[in-house]
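Engineer:
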Amino acid sequence: MDTTTGRTAGIPVVSSLCALVAVVALSVIALDATAQGPGQHTLQFDYASGGVTHQLQYLLFLPETYGDDPSERWPLIFFHHGAGENGSNIELIKVHGPPKIAERQPDFQFIVVSPLAPNNADFNLLVDAWMVLLDDVTTAYSVDTSRMYITGLSQGGYLTWELAARHPNTFAAAVPIAGGAGLGGFCRLLRSFGQGCEGAQGPEIDPCIVGQMPVWVFHGDADSVVDPTNSVTMVEQLTACGGDVDFTLYPGVDHDSWTATYDNAALYDWMLSHSTGSATSVAPAGKLPVVWGSLRRAL
């Protein structure tokens, strides 16, 4: 339970989270992403689908020294929140992860893009819209496209796996937390809680599609919302096909395996040690240990 918002970060209180939206084609037609200065901003972008224009919100954070050197290109974190934050109140995204850090740390050395998932969303369409959003942000702002990192918690952990598999050449590294095998697994989880999930049907992803993208997976071995074997299975499969994967399984930790993870500066050092087109992996000092707890597996 998220004690700040009184909502469960992993499972929404609303019904039919993934109800099918009656749309056919998806295209972003307007992006409110220009002329922003340093700080975290609430913005929106519009996309047209089936003749209907939908408005989606997102947070955009720019470091306090952004723009001081017009030639500087900044690393970017693409963050995806948990299901407890779905809806229309974008302030809820700020209670966890990189948006929370950016809110309290104006010198955070990343551009952070955090889209908000509305209630009753079709996630297959949303992930396409969000990638167009990301493309537009990288065009409008000074982003180092070789250093873009994707991460998310719970629902966002599933989405991190999904987007990493769909776009393995876009991100320099991925950090799924308390998640599992993409939209197919997410849909199955929601159904187990009695939620509808018509818009995210499909098979669970094959983690081998991620290829050599570095992935650092986090989960609590006492997670009562998303079974930690979801992450264990993904790590085993990715390791078996030669992937570049690290795994931290926190002993005795329930669903909130993200607070300790996002609060550790070693995570961001690890991100910055990777860039697309580079096969070099630098293990920074103070890197979080790989902890197997009660689910120890020989990988």
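So in the working numbering, spot 104 of the sequence shown is number 1434, and the numbers just go up one at a time. Just so it is clear, CB atoms sit at the ideal spot from N, CA and C, and this is done for glycine as well.
Fully enclosed by the segment 1367 to 1400, which beta strand (DSSP E) runs are 3 residues long or longer?
Structural biologist: 1369 to 1379 and 1382 to 1392
Engineer: Would you kindly report the start and end of the unbroken alpha helix (DSSP H) that includes T1591?
Structural biologist: T1589 to Y1592
Engineer: Report back the beta-carbon spacing between A1446 and I1423 to the nearest angstrom; my notes put them in contact at under 8 Å.
Structural biologist: Here residue 1446 is Leu; the residue named in the question, Ala, does not match the sequence. Sure, about 6 Å apart at Cβ, within 8 Å.
Engineer: H1549 and S1587: beta carbons closer than 8 Å?
Structural biologist: Going by C-beta atoms, H1549 is nearer than 8 Å to S1587.
Engineer: When you compare only the Cα positions, how much space is there between N1594 and T1481?
Structural biologist: 14 Å
Engineer: Apart from the five residues just before and just after P1393, which ones in its own chain have a Cβ nearer than 8 Å to its Cβ?
Structural biologist: P1368, W1404, P1436, D1437, F1438, Q1439, F1440 and I1441
Engineer: For the structure I just gave you, are there three or more beta carbon pairs, one from the segment 1501 to 1512 and one from the segment 1484 to 1493, closer than 8 Å?
Structural biologist: Because the criterion of three Cβ pairs below 8 Å is met, the segment 1501 to 1512 and the segment 1484 to 1493 touch.
Engineer: Classify F1440 as helix, strand or coil using the three-state DSSP reduction.
Structural biologist: coil
Engineer: Does DSSP classify L1406 as helix, strand or coil?
Structural biologist: strand
Engineer: In angstroms, rounded to a whole number, what distance separates the CA positions of T1591 and K1430?
Structural biologist: 13 Å
Engineer: What does W1305 pair with, by DSSP beta-bridge criteria?
Structural biologist: Because the chain here runs from 1331 to 1629, residue 1305 falls outside it and cannot be looked at.
Engineer: I'd like to confirm the pairing. Which residues does DSSP put opposite A1503 in its beta bridges?
Structural biologist: Partner(s): Y1479.
Engineer: Do Q1366 and Q1387 have their CB atoms nearer than 8 Å?
Structural biologist: no
Engineer: Since V1545 and V1575 should fall inside the 8 Å C-beta cutoff, what is the C-beta to C-beta distance between them, to a whole number of angstroms?
Structural biologist: Yes, V1545 and V1575 are in contact; Cβ-Cβ is about 5 Å, under 8 Å.
Engineer: Suppose contacts are defined by Cβ-Cβ distances below 8 Å. Is G1514 in contact with P1537 by that definition?
Structural biologist: Contact: no.
Engineer: Are there 16 or more other CB atoms within 10 angstroms of the CB of E1421, so buried, or fewer, so exposed?
Structural biologist: exposed
Engineer: Taking only three categories from DSSP, how would you classify M1461?
Structural biologist: helix
Engineer: Looking at P1506: is its Cβ nearer than 8 Å to the Cβ of V1462?
Structural biologist: no
Engineer: Are the beta-carbon atoms of G1412 and H1426 separated by less than 8 Å?
Structural biologist: yes
Engineer: For V1354, count neighbouring Cβ atoms within 10 angstroms of its own Cβ and tell me buried if that reaches 16, exposed if not.
Structural biologist: Per-residue confidence for V1354 stands at a pLDDT of 31, beneath the threshold of 50, marking its modelled position as unreliable; no derived number is given.
Engineer: Using the C-alpha atoms, what's the distance from Y1471 back to A1494?
Structural biologist: 22 Å
Engineer: I need the straight-line Cα distance from T1589 to D1458, nearest angstrom please.
Structural biologist: Spanning the alpha carbons of T1589 and D1458 requires a straight line of approximately 28 Å.
Engineer: Is R1434 buried or exposed, if buried means 16 or more other CB atoms sit within 10 Å of its CB?
Structural biologist: It counts as exposed.
Engineer: As a quick exercise: from P1400, L1389 and L1464, pick the residue whose alpha carbon is nearest that of P1428.
Structural biologist: L1389
Engineer: Near G1541, what residues of its chain come up, given a Cβ to Cβ distance below 8 Å and the 5 sequence neighbours on each side ignored?
Structural biologist: P1498 and G1573
Engineer: Is it true that the CB of Q1385 sits closer than 8 Å to the CB of D1399?
Structural biologist: no
Engineer: By how many angstroms is the C-alpha of L1464 removed from the C-alpha of A1363?
Structural biologist: With a pLDDT of only 47 at A1363, under the threshold of 50, the placement of this residue in the model should not be trusted; the figure read from the coordinates follows. Their Cα atoms are separated by approximately 11 Å.
Engineer: Alpha carbon to alpha carbon, how far is Q1370 from Y1479?
Structural biologist: 18 Å
Engineer: What is the rounded straight-line gap between the Cα of V1562 and the Cα of A1570?
Structural biologist: 12 Å
Engineer: Given a cut-off of 8 Å, decide if S1476 and G1381 are closer than it, judged by their beta-carbon atoms.
Structural biologist: no
Engineer: Can you have a look at S1522 and say buried or exposed, based on whether 16 or more other CB atoms are within 10 angstroms of its CB?
Structural biologist: exposed
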